[in-house]
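**Student:** Numbering (our numbering), first residue to last: 298 to 525.
(1) Just checking my contact of residue 473 with residue 514 at CB under 8 angstroms: how many whole Å lie between their CB atoms?
(2) In this structure, does DSSP put residue 396 in helix, strand or coil?
(3) Nearest by alpha-carbon distance to residue 443: which of 501, 377 and 458 is it?
(4) Between which residues of its own chain and residue 341 is the CB-CB distance below 7 angstroms, once the five residues before and five after are set aside?
(5) How is residue 488 classed by DSSP in three states: helix, strand or coil?
(6) Three-state secondary structure (DSSP) at residue 408?
(7) Hey, would you say residue 446 sits closer than 9 angstroms to residue 480, going by beta carbons?
(8) Is residue 360 buried or exposed, if buried means 16 or more other CB atoms sit within 10 Å of its CB?
(9) Considering just the uninterrupted stretch of the beta strand (DSSP E) at residue 428, what are its terminal residues?
(10) Please report the Cβ distance between residue 482 and residue 374, rounded to the nearest whole angstrom; I am assuming they are in contact, meaning their Cβ atoms lie under 8 angstroms.
(11) Assuming residue 409 contacts residue 372 (C-beta within less than 8 angstroms), just tell me the rounded distance between them.
(12) Residue 432 lies in the beta strand (DSSP E); which residues open and close that run?
(13) Need the endpoints of the alpha helix (DSSP H) that residue 450 sits in, please.
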């Protein structure tokens, strides 16, 4: 599985770059990760991988049976978003090296990534929590940016409540309220309060959307009365 093996290894690499969740790789697969600051780690049994933003990481994956396809997903707000995938003739090993962690540090400090591979002889899956120890979540896109988005959503709900309550105001407050809730969920995941694989973050976004729509016009004075 030169092609698939490399993808599985890359998937394991991405697994190295992810947030709060149990992390093991199920048989018949196994994996090893390496970093310039921490040396080698057994991804088959590790639950967390601690890296630094200055690290260059790599990894290798093996399987006792040939794997023909593989997928890699990142989790946020309870949703698994595919980030890589493909298929091939089949192989049992692969590796990847020279992956810079710096780019991930701009996005966040914690990531949850999962991967799976399958073939005629069996299948395997795994996930891991990647924590960038020298990155402040508040200074990242998902952490600090999520808080800013949450404040914008809260302001939109308040302004919508003070509006006349027309349909346009309701829709706008609902959209911004939902985005604000999503931002809050992402920020809480980055600070380790919420599990990215849980739907709690998505529920917060839905609550923001509903509040924006329902509360629009509740504190407003309504349209001016017609003169007598």
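Where a beta carbon is used, it is the ideal one built from N, C-alpha and C, also for glycine.
Keep in mind it's a predicted model, so treat the numbers as computed, not measured.
**Tutor:** Judging by the given coordinates:
(1) Counted from its first residue, the chain shown places residue 473 at position 176. Counted from its first residue, the chain shown places residue 514 at position 217. About 15 angstroms separates the two Cβ atoms, so there is no contact after all.
(2) Position 99 of the chain shown, counted from the first residue, corresponds to residue 396. Residue 396 falls in the strand class under three-state DSSP.
(3) Residue 443 sits at position 146 when you count from the first residue of the chain shown. For residue 443, the nearest C-alpha among the options comes from 501.
(4) Indexing the chain shown from 1 puts residue 341 at position 44. So the list reads 321, 322, 327 and 328, once near-sequence residues are dropped.
(5) Here residue 488 refers to the residue found at position 191 when the chain shown is read from its first residue. DSSP places residue 488 in coil when its eight states are reduced to three.
(6) If you number the chain shown from 1, residue 408 lands on position 111. In the structure shown, residue 408 adopts extended strand secondary structure according to DSSP, grouped into three states.
(7) Residue 446 sits at position 149 when you count from the first residue of the chain shown. Residue 480 sits at position 183 when you count from the first residue of the chain shown. Taking 9 angstroms as the Cβ cut-off, residue 446 and residue 480 qualify as a contacting pair.
(8) As a working note, residue 360 is residue 63 in the chain shown. Burial call: buried.
(9) As a first step, residue 428 is located in the chain shown; it is residue number 131 there, counting from the start. From DSSP, the beta strand (DSSP E) with residue 428 extends over 419-429.
(10) Taking the chain shown and counting its residues from 1, the one referred to as residue 482 is at position 185. Taking the chain shown and counting its residues from 1, the one referred to as residue 374 is at position 77. Confirmed, about 5 angstroms.
(11) If you number the chain shown from 1, residue 409 lands on position 112. If you number the chain shown from 1, residue 372 lands on position 75. Taking 8 angstroms as the upper bound for CB-CB distance, residue 409 and residue 372 are in contact here, some 4 angstroms apart.
(12) Position 135 of the chain shown, counted from the first residue, corresponds to residue 432. Note, residue 432: premise wrong, no beta strand (DSSP E); not H, not E.
(13) In the chain shown, counting from the first residue as 1, residue 450 sits at position 153. Following the DSSP letters along the chain, one finds residue 450 inside the alpha helix (DSSP H) bounded by residues 441-458.
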